[in-house]
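Student: The sequence shown lines up with residues 1 to 347 when you count with our numbering.
The structure is given below, and queries will be raised subsequently.
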Amino acid sequence: MIRPKSLVFFLTCYLFVILSCTLLPSFALENAFPPGYPNIGGPPGYTAAQRAVFLKTFQDGIDLAKHTVLFWPCDPSNDEIYTRYFDPADAIFVNQMYRAIANIDFNLDLTDPKNVAELVSQPATWNEKFSRLSIHFMEDHPGLANLQFSHPSCNIPQTTAFVVPTEGGRSALMSVCPWSYLVYPFSQDIQNPPAWAVDPSKDQSKGPQYYDGYGCASLGISDSWLLYSLSAMMLHELMHFPGLFADVPGYDDYITIQYSKDVPHFIADFPGPAPPDGYGPYYASLINRLQPKDPDGVAWKGIWNADNFASYAASRYWSEVCGRTFKACPNQAAVDPFERHQPQWPF
Numbered sequence: 001m002i003r004p005k006s007l008v009f010f011l012t013c014y015l016f017v018i019l020s021c022t023l024l025p026s027f028a029l030e031n032a033f034p035p036g037y038p039n040i041g042g043p044p045g046y047t048a049a050q051r052a053v054f055l056k057t058f059q060d061g062i063d064l065a066k067h068t069v070l071f072w073p074c075d076p077s078n079d080e081i082y083t084r085y086f087d088p089a090d091a092i093f094v095n096q097m098y099r100a101i102a103n104i105d106f107n108l109d110l111t112d113p114k115n116v117a118e119l120v121s122q123p124a125t126w127n128e129k130f131s132r133l134s135i136h137f138m139e140d141h142p143g144l145a146n147l148q149f150s151h152p153s154c155n156i157p158q159t160t161a162f163v164v165p166t167e168g169g170r171s172a173l174m175s176v177c178p179w180s181y182l183v184y185p186f187s188q189d190i191q192n193p194p195a196w197a198v199d200p201s202k203d204q205s206k207g208p209q210y211y212d213g214y215g216c217a218s219l220g221i222s223d224s225w226l227l228y229s230l231s232a233m234m235l236h237e238l239m240h241f242p243g244l245f246a247d248v249p250g251y252d253d254y255i256t257i258q259y260s261k262d263v264p265h266f267i268a269d270f271p272g273p274a275p276p277d278g279y280g281p282y283y284a285s286l287i288n289r290l291q292p293k294d295p296d297g298v299a300w301k302g303i304w305n306a307d308n309f310a311s312y313a314a315s316r317y318w319s320e321v322c323g324r325t326f327k328a329c330p331n332q333a334a335v336d337p338f339e340r341h342q343p344q345w346p347f
């Protein structure tokens, strides 16, 4: 990570960690969003309280990207978390991808404590390209009905969310399905577990004991799905929006996987066959380490798989918050996302 040059630097970074996990009142989130950044909607008749949940889900993904930039390693080539998911040669590009999401200037020197302090203290800003992203919560995006090609659906069991690029990738339609809220808690509920996360099967005589996946003490010692929250889910989906990264230097040269002929540069999900897919920290690390071939015989890189970005950000975040470095995920059996106690339904 970037080494503190002063106490001010450390305190501002620490303050950001705390604030980024604080639930803002619905009116604060609502007033913070400029019109059209992005277009957020839901089923007919959804309430203001539900919209606040939608807004927080989106904002938490941006905050995770911002945290990743603020706690960027001094030397990625010697950082065990970074090298788990990415090639050291791609470090500048990877950093700029997170900066694009968080709307941080590509050239801002974050080894300068003054710049860090200013960045942390500034009100949140949004990349103007989010005005071309439309997010629909709790069901398939209605705009999908106008498309002439097949796409995922919230009606498919265990589908959490998906993105369909449009207009050559300059715009995108995101659908966030109900399943997301059945599987992933908010980061704040992991960091500061609420009463519903108390595990009654554990001895509570020495204080609250929580279900696995809630509280730093219950996150284990290695990367797993337990580190995934709605923040990581949202960050993963944002990687599928090519237009967001149009200004990232070299994006078209680095990202050579195509979604379609009209969208020739697209960060995707590894389609298999070995590993079977690109989801989760174990398979993401295998993609970076082995560069497996897809059905077309193309050897994949970590930067082509969306969950490599989510896995790295999640591991970095919880390593900083919990004060210990999470080790590499040992195997796929260690990351079953359905083993965690179901979070409380936020609606």
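Yeah, the Cβ is synthetic: ideal placement off N, Cα and C, and Gly gets one too.
Could you have a look at ALA165 and say whether DSSP puts it in helix, strand or coil?
Tutor: Correcting the residue type first, residue 165 is Pro in the shown sequence and not Ala. Correct three-state label for PRO165: strand.
Student: For ILE257, which residues of its own chain have a beta-carbon under 6 Å away from its beta-carbon, when the five flanking residues on both sides are left out?
Tutor: PHE266, ALA268, TRP304
Student: Are the CB atoms of VAL69 and ILE135 nearer to each other than 8 Å?
Tutor: no
Student: Let's test the definition: count the other Cβ atoms within 10 Å of the Cβ of ALA195 and tell me whether it reaches 16, buried, or not, exposed.
Tutor: exposed
Student: Would the region 212-232 and the region 271-285 be scored as touching if the rule is three or more Cβ pairs under 8 Å?
Tutor: A contact exists between the region 212-232 and the region 271-285.
Student: Do you know whose CA, among LEU147, ASN146, ALA100, lies nearest THR125's CA?
Tutor: ALA100
Student: Would you call VAL163 buried or exposed, if buried means 16 or more other Cβ atoms sit within 10 Å of its Cβ?
Tutor: buried
Student: Ends of the alpha helix (DSSP H) at SER205?
Tutor: Element bounds for SER205: n/a, residue is neither H nor E.
Student: Go ahead and pull the three-state DSSP assignment for GLY41.
Tutor: strand
Student: What is the C-beta distance between PRO346 and VAL183, in whole angstroms, given that I count them as a contact (C-beta under 8 Å)?
Tutor: That belief does not hold up - the Cβ atoms of PRO346 and VAL183 are roughly 13 Å apart, past 8 Å.
Student: Pull the bridge partners of ASN305 from the DSSP assignment, please.
Tutor: ALA268
Student: Going by DSSP, which residues form a beta bridge with SER175?
Tutor: HIS136, PHE162
Student: Strictly by DSSP, which residues pair up with LYS379?
Tutor: The requested residue 379 is not part of the displayed model; the chain covers only 1 to 347.
Student: Give me the DSSP bridge partner(s) of SER260.
Tutor: VAL263
Student: Does DSSP classify VAL198 as helix, strand or coil?
Tutor: Three-state result, VAL198: strand.
Student: Which residues mark the beginning and the end of the alpha helix (DSSP H) in which ILE92 is found?
Tutor: Where ILE92 is concerned, the enclosing alpha helix (DSSP H) stretches over 91-102.
Student: Touch check for the region 67-82 and the region 107-118: three-plus C-beta pairs under 8 Å?
Tutor: Because the criterion of three Cβ pairs below 8 Å is met, the region 67-82 and the region 107-118 touch.
Student: If we ignore side chains and look at the alpha-carbon of each, how far apart do ASP277 and SER205 end up?
Tutor: 43 Å
Student: Checking 8 Å against the spacing of the C-beta atoms, do LYS66 and ALA102 come in under that value?
Tutor: Going by beta carbons, LYS66 and ALA102 fall inside the 8 Å limit.
Student: DSSP three-state call for ALA299: helix, strand or coil?
Tutor: strand
Student: Could you tell me the distance, in whole angstroms, from the CA atom of ASN155 to the CA atom of MET138?
Tutor: 10 Å
Student: Please say whether LEU64 and PRO232 have beta carbons closer to each other than 8 Å?
Tutor: A small fix is needed here, since residue 232 is Ala in this sequence, not Pro. Yes. Within cutoff.
Student: Excluding five sequence neighbours on each side, which residues of the same chain lie with their C-beta closer than 6 Å to the C-beta of ARG84?
Tutor: SER285, ALA328
Student: Helix, strand or coil for ILE210, going by three-state DSSP, please let me know.
Tutor: Per the sequence shown, the amino acid found at residue 210 is Tyr instead of Ile. Residue state, collapsed to three classes: strand.
Student: Could you check if VAL298 is buried or exposed, using at least 16 other CB atoms within 10 Å of its CB as the buried criterion?
Tutor: Under this definition VAL298 is an exposed residue.
Student: Who does LYS293 pair with in a DSSP beta bridge?
Tutor: ALA299
Student: When we look at the beta-carbon of PHE106 and count the other beta-carbons within 10 Å, is it buried (16 or more) or exposed?
Tutor: exposed
Student: Put PHE130 into one of helix, strand or coil per three-state DSSP.
Tutor: helix
Student: Thinking C-alpha only, which one of PRO343, TYR259, LYS56, GLY272 is nearest ARG170?
Tutor: TYR259
Student: Tell me whether the beta-carbon of ARG132 lies closer than 8 Å to the beta-carbon of GLY243.
Tutor: yes
Student: With DSSP collapsed to three states, give me the class of TYR317.
Tutor: helix
Student: I need the boundaries of the alpha helix (DSSP H) containing PRO113, first residue and last residue.
Tutor: 113-121
Student: Which value, in whole angstroms, describes the spacing of the CA atoms of ASP353 and GLN342?
Tutor: There is simply no residue 353 to check, as the chain begins at 1 and stops at 347 in what is shown.
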